[in-house]
C-alpha cells in the first residue's frame, strides 16, 4: 500500500503524471486543482481571478488543505497532486517535478488557451502569491526543497511515460529495500 504525493509548479506536468501513474498502479487520483477550478466556476470567476481572491482570503486554502489531509489519513493506494500534499500527507512517497520556466509557461499557455505573455505574467504572479500564502498560513518559507522529496525529476524534456516509469521503479526499489529490513 502506498500514498504518493506529486509536487510541481504550474506546467511541470503534475496532473498528466499523476493521472497516468494512478492508472498504471490502479490507485485513486486526487487533484486539488479541480477543486480550485470548480470553486472558481461556482463563484462565477475565472481561475486567475479566483487565485487572486485566495491570496487575500485563506478560507479556501484552509478548506482544501484540510480536505487533502483527511484524504491522506483515510486512504491508501492514492496519488495526490498538489503543491503542499507532501506536507499534509507526511507518510507519502514524495515526488517533485521541476521544469525550465519558459517551457512551463509555454505549456500553461497551451493548456489555458492564452498567449505566452499572459501565461508568463499570471504564472509569475500566482507563484509569488503562493509563496506569501504558504508563509502566512503555514509558516512554510521554502515550500519545495529537494531534500524533502524521495524523488526529484526534471520534466523539461522527459516524457510523462518516462517519468511514470522512473517513479514506479523507485517505488519498487523502496518496497524491496523495506522488505529486506524485516
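Residue numbers (our numbering): 290 to 471. Using N, Cα and C, we set each Cβ at its ideal position, and we do this for glycine too.
CB residue i to CB residue j, shorter than 8 angstroms?
| i | j | result |
| --- | --- | --- |
| residue 453 | residue 328 | no |
| residue 291 | residue 440 | no |
| residue 302 | residue 386 | yes |
| residue 429 | residue 360 | no |
| residue 445 | residue 389 | yes |
| residue 408 | residue 394 | yes |
| residue 412 | residue 299 | yes |
| residue 455 | residue 442 | yes |
For residue i, name the three-state secondary structure that DSSP assigns.
| i | result |
| --- | --- |
| residue 402 | coil |
| residue 338 | helix |
| residue 296 | strand |
| residue 349 | helix |
| residue 378 | coil |
| residue 318 | strand |
| residue 443 | strand |
| residue 386 | strand |
| residue 456 | helix |
| residue 367 | strand |
| residue 324 | helix |
| residue 429 | coil |
Beta-carbon within less than 7 angstroms of residue i's beta-carbon, same chain only, minus the 5 sequence neighbours each way: which residues are those?
| i | result |
| --- | --- |
| residue 318 | 307, 308, 311, 368 |
| residue 350 | 343, 422, 426 |
Measure the alpha-carbon distance for residue i versus residue j and round it to whole angstroms.
| i | j | result |
| --- | --- | --- |
| residue 380 | residue 358 | 11 angstroms |
| residue 449 | residue 295 | 13 angstroms |
| residue 384 | residue 396 | 20 angstroms |
| residue 457 | residue 293 | 11 angstroms |
| residue 471 | residue 365 | Its pLDDT being 46, under 50, residue 471 is placed unreliably in this model, and the coordinates cannot settle the point. |
| residue 326 | residue 335 | 8 angstroms |
| residue 331 | residue 323 | 12 angstroms |
| residue 415 | residue 434 | 19 angstroms |
| residue 392 | residue 404 | 13 angstroms |
| residue 437 | residue 378 | 12 angstroms |
Report all residues from its chain with a CB closer than 8 angstroms to the CB of residue i; omit the five preceding and five following residues, and keep chain order.
| i | result |
| --- | --- |
| residue 463 | 382, 439 |
| query | For the segment 336-343 against the segment 355-371, are there 3 or more C-beta pairs whose distance is under 8 angstroms? | reply | no
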